[in-house]
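What follows is a short report on a single structure.
Protein chains: 2
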Amino acid sequence: MTDKPTKRPRDAEATKARILSAAKKEFAKNGLGGARVDIIANQAKANKRMIYHYFGNKEDLFQTVLEEAYVDIRTAEQKLELEHLPPREALERLVRFTWDYYLRNPEFITLVNSENLHRARHLKKSEVIEVVSRRFVNMVGGLLDRGVEQGVFRPGIDPVQLNITIAAIGYYYLTNRFTGSILFQRDLMKDEALEERLAFNIETILRLVCVSR
Amino acid sequence: MTDKPTKRPRDAEATKARILSAAKKEFAKNGLGGARVDIIANQAKANKRMIYHYFGNKEDLFQTVLEEAYVDIRTAEQKLELEHLPPREALERLVRFTWDYYLRNPEFITLVNSENLHRARHLKKSEVIEVVSRRFVNMVGGLLDRGVEQGVFRPGIDPVQLNITIAAIGYYYLTNRFTGSILFQRDLMKDEALEERLAFNIETILRLVCVSR
DNA sequence: CATAGAAGTAACCAGTTAGTGCATTATGTC
DNA sequence: GACATAATGCACTAACTGGTTACTTCTATG
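So the sequence lines, in the order shown, correspond to chains E and B.
Take 107 as the starting number for the first sequence in the working numbering and just add one per residue.
Take 107 as the starting number for the second sequence in the working numbering and just add one per residue.
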C-alpha cells in the first residue's frame, strides 16, 4: 500500500495545503482587495490555474482561509480546559491565551479586519462558524457561573460582553501597533512593552470580573 | 470686494474640500487598496485630473485624509475640558466621548485600520500627528494625577495603557460589529445593544482606575 | 502496460485602474 | 478688454489583474 509516500510529485492535498497557507499569508498582508492571486500561486509553488481548480475563485479562497482561521482559534480555546482550574486562574489563563494567540498568529487579526471591511459577507455564508462560536461563549458563560457560585466573581456579567472585552484589549493593541507606536512615541512591540500590556490586561479583566475583597 | 460670493463656478478651496470629503468616504469604505480614484472624482463632482492637480497621487491623498481625521478627533477631545470636572466624572466623560466619536465617525476606525494594514507608512511621514497626540496623552496623564491626589484613583496607572484600553473596548466592538453579530448571533448595532455596551465599558474603566471603596 | 482521468503549466484575454498630455475655460489685474 | 494664471475637462495609455483556454505530464488501476 502507498499510505505515506514521503515524496509525491503530484499530491493534490499537499498542493491545496500550500495554496491555503500562501493565501492566508497574502490575504493577511494585503487584505482581500490588495491580495494578488498570482503572488499566492507563486508563493505556493503552484500554478494560478490550480487555485481556480481547487477553490473556485478569489473570494471563495478567502472564505476558506477565513473559516480555517476561526476554526483554528476556537479549537485551541477548547483545549484550554478551564473547567479544571479555579475560576480566577481560569479567567487569567483565558486572557493570557487570547493575548498569546493574537501575538503568535497576527494573520488572524488582519483577516478578521479585512472581513469586517467587507461587512462579513463571507462569514455570513459560512456554516461551521456558528457552531464553534456558540461552544466558546458557553465555555466562558460556564466559567462565569462557576465563579459566581464560589463567590469570587460578581454576578450578572454578560459572557458576550466579557468575551468581547477580553478580545478587545489585546486585539486593539496589536492591530494598531503601527499607528500606536507613532502616536505614543514608544515601541509597542518590544518585549517589555508586550509583557507590560499583558499584565495590564489581566489586571483590567480581574478587576472587572472579581468581587472586591 | 468679493469676500463671500455665494456661488463661484471655479472655487479651488471648495473643490479641494469636496475631494477630501469624497476621498474619506471612499477610503473608509474600501481601504486604500480598494478605493477607486475615479469614484472619488465622481462623488466629489470633480474631475480625476483635479485630484492629481491638488493632491499629487492616491497615496498622498490618503495621507491628507488620514491626517485630517486624526486632527479632527484630537481637536474634539481637547474641547472636553476634563479639568473642570471631578476626576471620576471626567473619566466617565472621556469613555463616553470616545465611544460616541467612534459611533458617529465610523470612517475614522476604517481609516486607521487601513493605515495599520500598511504599517503606518503614511503616518510616519506626517508631522502634525506627534504634536496633537502628545497633548492628548498629557491630558489623560493630568487627569490621572489629579484623581490620585484626591484619593479616588489608584496610583501607578500608565496613561498610555489607559488610553489604549479606553479606545480598545469601544473600537474593537465597533470595527468587528459585522463578524461579531454573526459569531454571537445578536445584532450588536441595535440601540439597546449599544447602550448596554457603553455602560459595560464605563464599568470596566471605572473598576480599573478607581480605588475600591 | 495501456489508458483514463487527475495534476499541472504557459500563454493569453478582457476589463480595470492609476496616472498624464493637452486643449479649454474662467478669473483677477492692469 | 487683454493677458497671465489658475481651474477644469476629456481622451488616452501603460501596466496590471482575475479568470480562462488549450495543452502536457504524471499516476493509479484493471
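The beta carbon of each residue, even a glycine, is placed where N, CA and C say it ideally should be.
Being a predicted model, the structure only gives us computed values, none of them experimental.
- For the options Arg180(E), Asn153(E) and Asn282(E), the alpha carbon positioned closest to that of Ile235(E) is the one of Arg180(E).
- At a cut-off of 8 Å, the C-beta of Ala226(E) has a neighbouring C-beta in chain B.
- Ala123(E) does not reach chain B, its nearest Cβ partner there being about 25 Å away, counting only Cβ pairs nearer than 7 Å.
- For Gln149(E), the enclosing alpha helix (DSSP H) stretches over residues Val143 to Gln149.
- Excluding the 5 residues flanking it on each side, Arg241(E) has same chain C-beta neighbours closer than 8 Å at Arg180 and Gln184, in chain order.
- With contacts defined by Cβ atoms closer than 8 Å, Ala274(B) and Ile275(E) form a contacting pair.
- Excluding the 5 residues flanking it on each side, Asp293(E) has same chain C-beta neighbours closer than 8 Å at Ser287 and Ala299, in chain order.
- In summary, Glu221(B) is buried, with 16 or more beta-carbon neighbours lying within 10 Å of its beta-carbon over all protein chains present.
- Boundaries of the alpha helix (DSSP H) harbouring Gln267(E): Pro265 to Thr281, taken from the DSSP string.
- Counting along the chain, the unbroken alpha helix (DSSP H) around Ser127(B) starts and ends at Ala118 to Gly140.
- Counting along the chain, Lys185(B) sits inside no alpha helix (DSSP H), nor does DSSP assign it H or E at all.
- Only those residues of the segment 209–224 of chain E whose C-beta falls short of 9 Å from the nearest C-beta of chain B are listed: Thr216, Val218, Asn219, Ser220, Glu221, Asn222, Leu223 and His224.
- For a cut-off of 8 Å, the C-beta gap from Val254(E) to Pro261(E) is around 5 Å, short enough to register as a contact.
- DSSP places Phe214(E) within a helical segment (H, G or I) once states are collapsed to three.
- In the structure shown, Phe259(E) falls within a strand segment according to DSSP collapsed to helix, strand and coil.
- In this structure, Leu188(E) lies near Arg199(E), with their beta-carbon atoms less than 8 Å apart.
- By a beta-carbon distance limit of 8 Å, Trp205(E) contacts Asn307(E). Their separation comes to about 6 Å.
- With respect to the 8 Å criterion, Ala120(B) and Ile146(B) are not classified as neighbours on the basis of their beta carbons.
- Across the set Cys316(E), Val237(E) and Ala226(E), the C-alpha of Cys316(E) shows the shortest separation from the C-alpha of Leu268(E).
- Taking Ile272(B) as reference, the option from Glu165(B), Thr216(B) and Val246(B) with the minimal CA-CA separation is Val246(B).
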